[in-house]
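Chemist: Protein chains in written order, with this note's numbering: chain W, 139 to 437; chain V, 144 to 331; chain C, 875 to 1019; chain H, 73 to 737.
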Amino acid sequence: MKIGLYPGCSLEGSSREYAESLRAIAPHLGLELEEIEGWNCCGASSAHQLDHTLSLALPARILAQAEKQKFPELLVPCAACYNRLASTKKDLANDASTRDKVTDLINMPYTGVTSVQNILEVLNLVLTPDVQKKIPAAFPHKVVCYYGCLLVRPASVVHAEKMEDPMQMDDLMKRIGATPLDWGMKTECCGASLSITRTDIVGKLCGNILEDATMRGAEAIIVACPMCHSNLDMRRKEIERVTGKKFSIPIVYITQAIGMALGLDAKSLGLHRHFVEVSVHGKNKVQQNVSSPSMAAVS
Amino acid sequence: MSVSIDFGGDSLAGWIQHKSGISVQRCYQCGKCSAGCPASSDMDFAPSVLLRLLQLQNAESDQKVLSSYSIWLCLTCHTCSARCPMEVDLPKVMDVLRAESLRHKLVNKRAKDIVAFHKSFIDTIRNFGRLWEVGLVADYKLRTRHFWQDVVVAPVMLKKGKLSLIPLFHKKFVSRIFSGLRNREERA
Amino acid sequence: MENNFEPKIVAFVCNWCTYAGADLTGTSRIKYATNVRIIRFPCTGRIDYNLLLKAFAQGADGVIVSGCHPNDCHYTSGNFHARRRWIVFKQMMEYMGIDMRRVKFSWVSAAEGAKWADIVNTTVNEIRELGPSQEYLEMSRQGVA
Amino acid sequence: MSRIGVFICHCGENISATVDCEKVAKTLASMPGVAHSVDYKYMCSDPGQSLIRSAIKEKKLTGVVVAACSPRMHEPTFRKACAEARLNPFLCEMANLREHCSWVHAKGDATTDKAIDLVSMLVEKVKRNKPLFPIKVPVTKTALVIGGGIAGIQAALDIANAGQKVVLVEREPSIGGHMSQLSETFPTLDCSQCILTPRMVEVAQNPNITLYTYAEVESLSGFIGNFTARIRKKAKSVDEKLCTGCGECATACPIKKIPSEFNTGLGMRGAIYVPFPQAVPNKPVIDRSRCTYFKSGKCKFCASKCPAQAIRFDQQDEIIEIPIGSVVVTTGFNIKETSFFPEYGYGKYKDVVTGLQFERLLSASGPTLGEVKRPSDGTVPKKIVFVACTGSRDPAKGIEYCSKICCMYTAKHAMLYKHKVHDGDAYVFYMDIRAAGKGYDEFFRRAIEEDHVNYIRGRISRIYERNGKLIVRGADTLLGAQQVEIEADMVVLATAAVANDGAESLAQKLHVSYDAHHFFAEAHPKLRPVETNTAGIFLAGACQSPKDIPETVSQASAAASKVIGLFSNAELTREPIIAVVNRTAPPLFSTCVGCFMCQSACPYHAIEQEEIKTREGKLIKMVAKVNPGLCQGCGTCVAFCRSKSIDLQGYSNEQVYAEVMELLS
Ligand SMILES: Cc1cc2nc3c(=O)[nH]c(=O)nc-3n(C[C@H](O)[C@H](O)[C@H](O)COP(=O)(O)OP(=O)(O)OC[C@H]3O[C@@H](n4cnc5c(N)ncnc54)[C@H](O)[C@@H]3O)c2cc1C
Ligand SMILES: Cc1cc2nc3c(=O)[nH]c(=O)nc-3n(C[C@H](O)[C@H](O)[C@H](O)COP(=O)(O)OP(=O)(O)OC[C@H]3O[C@@H](n4cnc5c(N)ncnc54)[C@H](O)[C@@H]3O)c2cc1C
Ligand code: SF4
Ligand code: SF4
Ligand code: SF4
Ligand code: SF4
Ligand code: SF4
Ligand code: SF4
Ligand code: SF4
Ligand code: SF4
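1. Counting Cβ pairs, one atom from each stretch, are 3 or more of them under 8 Å apart for the stretch 269-287 of chain W and the stretch 192-210 of chain V?
2. Closer than 7 Å to a non-hydrogen atom of ligand 10 - does that hold for the CB of residue 774 of chain H?
3. Please report whether the beta-carbon of residue 736 of chain H lies at a distance below 8 Å from any beta-carbon of chain C.
4. In whole angstroms, what is the alpha-carbon distance linking residue 351 of chain H and residue 247 of chain H?
5. Could you tell me which uninterrupted beta strand (DSSP E) segments, each at least 3 residues in length, are contained entirely in the stretch 96-151 of chain H, listed from first to last along the chain?
6. CB residue 153 of chain W to CB residue 368 of chain W, shorter than 8 Å?
7. For my contact list, residue 434 of chain H and residue 488 of chain H are in at a C-beta cut-off of 8 Å; report their separation, rounded to the angstrom.
8. For the beta strand (DSSP E) containing residue 542 of chain H, list its first residue and its last residue.
9. Would you say residue 151 of chain V faces chain W, with C-beta separation under 8 Å as the test?
10. For residue 605 of chain H, count neighbouring Cβ atoms within 10 angstroms of its own Cβ and tell me buried if that reaches 16, exposed if not.
11. Nearest-angstrom Cα distance between residue 1012 of chain C and residue 1005 of chain C?
12. Within the present structure, is the beta-carbon of residue 651 of chain H separated from the nearest heavy atom of ligand 10 by less than 7 Å?
13. For chain V, find out if any of its Cβ atoms is closer than 8 Å to the Cβ of residue 555 of chain H; answer yes or no.
14. What distance in whole Å lies between the Cβ atoms of residue 649 of chain H and residue 705 of chain H, which are believed to be in contact at a cut-off of 8 Å?
15. Assign residue 369 of chain H to one of two classes, buried (16 or more other C-beta atoms within 10 Å of its C-beta) or exposed (fewer than that).
16. Could you check the C-alpha separation between residue 199 of chain V and residue 193 of chain V for me, to the nearest Å?
17. Is residue 598 of chain H a contact residue of ligand 2, with contact defined as CB to any heavy atom under 7 Å?
18. Distance check for residue 371 of chain W and residue 412 of chain W, CA to CA, integer angstroms please.
19. Nearest-angstrom Cα distance between residue 76 of chain H and residue 732 of chain H?
20. Looking at residue 565 of chain H and residue 413 of chain H, is the spacing between their C-beta atoms short of 8 Å?
21. Tell me whether residue 177 of chain H is buried or exposed, calling it buried when 16 or more other Cβ atoms sit within 10 Å of its Cβ.
22. Where residue 900 of chain C and residue 231 of chain H are concerned, what is the direct C-alpha to C-alpha distance, given to the nearest angstrom?
23. From the beta carbon of residue 300 of chain W, is the nearest beta carbon of chain H less than 8 Å away?
24. Rounding to the nearest angstrom, what Cα-Cα distance links residue 295 of chain H and residue 607 of chain H in this structure?
25. Looking at C-beta atoms only, is the number of pairs between the stretch 178-187 of chain V and the stretch 219-228 of chain V that lie closer than 8 Å three or more?
26. For my contact list, residue 545 of chain H and residue 555 of chain H are in at a C-beta cut-off of 8 Å; report their separation, rounded to the angstrom.
27. Less than 7 Å between C-beta atoms, sequence neighbours within five positions excluded: which residues of the same chain meet that for residue 355 of chain V?
28. With C-beta atoms as the reference, is residue 708 of chain H less than 8 Å away from residue 933 of chain C?
29. Enumerate in chain order the residues of its own chain whose CB-to-CB distance from residue 399 of chain H is below 6 Å, with the five nearest sequence positions on each side excluded.
30. Taking only runs of the beta strand (DSSP E) that begin and end inside the stretch 404-429 of chain H, which ones reach a length of at least 3 residues, in chain order?
31. Would you mind stating whether residue 997 of chain C and residue 936 of chain C have Cβ atoms separated by less than 8 Å?
32. Does the beta-carbon of residue 425 of chain W have 16 or more other beta-carbons within 10 angstroms, so that it is buried, or is it exposed?
33. Answer with yes or no whether the minimum CB distance from residue 711 of chain H to chain C is below 8 Å.
34. Keeping to the same chain, check which residues put their C-beta closer than 7 Å to that of residue 173 of chain H; ignore five residues upstream and five downstream.
35. Can you list, in chain order, the residues of its chain with a C-beta nearer than 7 Å to that of residue 378 of chain W? Leave out the 5 residues immediately preceding and following it.
36. Taking all protein chains shown into account, decide if residue 627 of chain H is buried (16 or more other Cβ within 10 angstroms of its Cβ) or exposed.
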């Protein structure tokens, strides 16, 4: 399956392991990724805070570009970008005058033919029983799946099948041999947009998430969003300061978990880039060369 | 003391309806939004209280809303709207409120960092076309003078290859959007 | 425009709401213009547009159709039919060359005595402004309609 | 040639003060067809009425117009006077000179002219009036009551005790409805079973009541006084005449793990079962979808243990037809399951229960014998949260209305819990307290003041489970919407009361209206609350809207009294103001072209299709036919008929056109 890819800024920067792991597993899933040309930032959680038109124009340009390259489908692995793109698509479809204003700004034709897909939708398609059979090293771990906000809300934009108790990620985990646990924080917010400015709030919210996951006996938290990942993985110090507790549970991208199940090596999945050591691995324990001297300074 | 703020002859509630089609009068103050809001306990007015203030439709409460800290703490997580029995789209209301707060220069003092951050973010996009995290943080620090914040994490990030010190320029992709927006503002 | 033009107006009203409302106008001694003659029907649902055409053909200058409020119909839904037919009504009447400003459709309940007086008075004033109804009368005289 | 008599009333000075009555009478006297025209001070007085009577006789009048007050006031008076003089009462009309003329206009020519118009208009009408005769329809004095909850029980008993026959149809194996599942009832806290069971037994024993349980109405045809009901008696697989209700069969049945409907899934039943010990009739039925024999052809343990040899595996559904005079619909309501509430756990957590399940846990005859225990592990919950308005008043979930009963039963639940678990904590999250009945507010205040239930004003955002506790996250809107988190052992959701399953299809079978939420619609919310729009069909209880027992019972008695009133006549007399489809000589038979526009327009389903056949039985055409039992005389059909084949007696086309012509002549 060939599909357009909009990586988004995080996947080039702080979350490059997400991109690395996605690219590493893609060939094994029969997924051919074609990166969209000349892409720009979608505006993420900031544009709409200050400027409504800008918050539509930035994603619209991306969508128009996808159209120009004739992508019927565009995979948007970052949940935040996905949310912005999908909601822009909806707003433009519903309101002709806004659409005119925005297409005028970006100076590109836009019809809305490209379908915007998040990582769960695409993985659900390509992780077929056939692929499953080929998985050499299943992923025999108790995990909790963390969806956060952006993959499930708002219902008018994201078509998650059960908004309060989504199961797509849990289902994918089962397919690679993991045991997804029921827990309380599946769709709670991690505080993403206040990550830099109110790190204390992020610390508190992430603390709740880590605590619940730990308490349920999960070995890892599976995520599909760079914002969730960086908050839960990199903000441990702040989390510990706010909660007064230490947490060692690793945060693993869904693509990394699938990569480990496929038996790919840690490096190609970018596991060494994590702040918190990834202690889970595929059944045929792959080499975990993740320890780096800086770990001590962080945790 | 209350300054009278002009919303084209309407109350702020009317303005919101005009801008977003949302009627704040639908809210029946059940508090379900505030109950689930992750930021509520740090807010000066819980989300449902903000709506109550808007329902009053007087200049004093309108001003309270626009100068509140709450509107800047809202994470746009949509927890509230997903569960609101009256289907009030609070995050959208928040978007309008923030724009009005800026426009009327009523931004809460405590929120200036948050506004600074969003401004830095947009500036980064304006300048580079894409987000360049080092640039964003530097811009933000210059704006807010919070030089030491995050300093523990950055070196680790650098070490783990999560930050790049040199930006790539993709400015051309967005320059038309920003110049278009500026022209629009000037025309307005 | 003739100043002392006294329009002839026919009111088709339902027995249960508007007729009773007009009774209340009387018992409350609220005064209104003498130009209106009420014809009683069981329900506005009974009124078909041919009757209105007939009235105009006979020289009425205006017509009032009034019944119960949407959910109060004595017969559950007769007035809904009347309302739904109203659209067709309107098109038909316009097609036949009747100025729709001469037709007033309203709801007056048994408790709205003052409203009835008000409707009569405004209708009379409006039709007085419009002057006598000529066109349809002419047409029907010439046998066009 | 018509000979119309015109009588102008002065009403003392009420009319004559502004209308020149003498002039009106004189003008009318010269109108063609008017044989007599006089004015008089008080027409409704005895001398006034005898003026009419003698004129009818002396002048051989063929019609009468009394120009006086509103016909809404004195039409019956004058019609009666005419009848006394042997003039058909429907040949009398009234012109309204008082309310519509003298009282609303000043004295003057314009007023008198209007009066003349009003009278002459009715003279033209009355010339075209036809003698009409009240319609008489016979009445079958048997009432059909559908649904055996407290509403059906009450209605059936009231009708039966008035000496009339009742057929009571209940689709479950026992009557009793939701009330039989309740523990104690607000606002008096008397035991539900204790007050209900005697009434259930009374139903079974009343000779005027025929009870069909495990039965449903297949169809209803006909009209008021003359319905025919087809009832499907589902096969119980037990011969009720032989069965003694000993219960050996249920003990013998190896299938024991079927969630009991009566115990809302908190208890189990067998494949052959009596829903609850006090059931009426207290005889089992076999649930064929669960019975091993019906699935695999083997077992029959029950039959082998039955001392009365009453088990009948070969029993068939039976359809019976019963003539019925009137129907009372009492099919009740249902409540939403916890699975309707994603944010409260999608029915995932065993200790999140509905109010009805909590009733079973409180009930002495329930699965825990009245001890409040958690369904998950049987421990006694020490902290319990009640959530009001769960799904009600929630347009996002499609239910805008207030379920009306839950404020009260939630107060009751919290109270009863505190009575049973003294050291327990009870919290109620609510939005408003709706406790408007007699003694209701006092009742709920008692929960707060005497039983120390914590009432918190706010809605719950979310519930999830952690370490065997239910984390309930709400807000206290009276404290600035401050967040509240409670670690509860159990949560009781006061879930929305909704229309019963099958309500919509039943309404369609009966031709009665229902609202957007499938509750049955009353004819008028204030003045005809227990009638439907279909004459002869009444309703009572929670099938009309959620309501509590006192209200249900009053409605049931009201509906019963309507039925009794109907049955108090040998035949029904109805005003002849109804529609008729014309009939002409062959070969046309009727100008009706069979378009049936009228049929779809009629709000009362009063128009039927009639086949016109040759003597050999060959179909000539289909025409419309009005059922005089159903027609209410609204005339909507007339306005729809393009071929002018259907007309309304008393307001015929001829009559109303004559009025218009005269007015504008
Ligand atoms: C949790 C809870 C607690 C309550 N507590 C109280 C209280 O304390 N005090 C109080 O006053 N009220 C209380 N109520 C309200 C009370 O239950 C109702 O007022 C009452 O049950 C309504 O009676 P009903 O006969 O109209 O309907 P139901 O009790 O629902 O009876 C309807 C009957 O009709 C039958 N039926 C349905 N459809 C058909 C069909 N198509 N054909 C044949 N039969 C059919 C059903 O099987 C049922 O037997 C409570 C309700 C709930 C949910
Ligand atoms: C301000 C207000 C607004 C309302 N609005 C609404 C509304 O919008 N909708 C609605 O449904 N309801 C409304 N109601 C309620 C409504 O008025 C009552 O439900 C209704 O009037 C009750 O009727 P009733 O016949 O029981 O009592 P009443 O109307 O009080 O009639 C009792 C009659 O008995 C007579 N009487 C009293 N004692 C004796 C005696 N000893 N001997 C002989 N005769 C006696 C009285 O003179 C009176 O005529 C309203 C009530 C109020 C106060
Ligand atoms: S949840 Fe909705 S109705 Fe309730 S207080 Fe919040 S906005 Fe208002
Ligand atoms: S969108 Fe904003 S107001 Fe709503 S729950 Fe999230 S943070 Fe709170
Ligand atoms: S008939 Fe009517 S108008 Fe005449 S006296 Fe009697 S009440 Fe008055
Ligand atoms: S064993 Fe026979 S007699 Fe006894 S209850 Fe069962 S069917 Fe009836
Ligand atoms: S035949 Fe059916 S009902 Fe009888 S005992 Fe066996 S399973 Fe039970
Ligand atoms: S009765 Fe009370 S709890 Fe039930 S829906 Fe109405 S207000 Fe809510
Ligand atoms: S509308 Fe007229 S023509 Fe058509 S079926 Fe009815 S009566 Fe006959
Ligand atoms: S008069 Fe009304 S009720 Fe009677 S048949 Fe016609 S439409 Fe039906």
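Idealized CB from N, CA, C, for every residue including glycine.
Only a predicted model underlies this, so the values are computations on that prediction, with no experimental measurement involved.
Modeler: According to the structure shown:
1. no
2. Summary: the structure shown does not reach residue 774 of chain H, with chain H confined to residues 73 through 737, and so no result is reported for it.
3. yes
4. 7 Å
5. 106-112 and 135-140
6. yes
7. 5 Å
8. 541-548
9. no
10. buried
11. 15 Å
12. yes
13. yes
14. 4 Å
15. exposed
16. 10 Å
17. yes
18. 7 Å
19. 19 Å
20. yes
21. buried
22. 44 Å
23. yes
24. 7 Å
25. yes
26. 7 Å
27. With chain V covering only 144 through 331, there is no way to say anything about residue 355 of chain V.
28. no
29. 216 and 609
30. 405-407 and 424-426
31. yes
32. For residue 425 of chain W, the pLDDT reaches just 44, beneath the cut-off of 50, and the residue's location in the model is therefore unreliable, leaving the point undetermined.
33. yes
34. 91, 183, 186, 187 and 190
35. 384
36. buried
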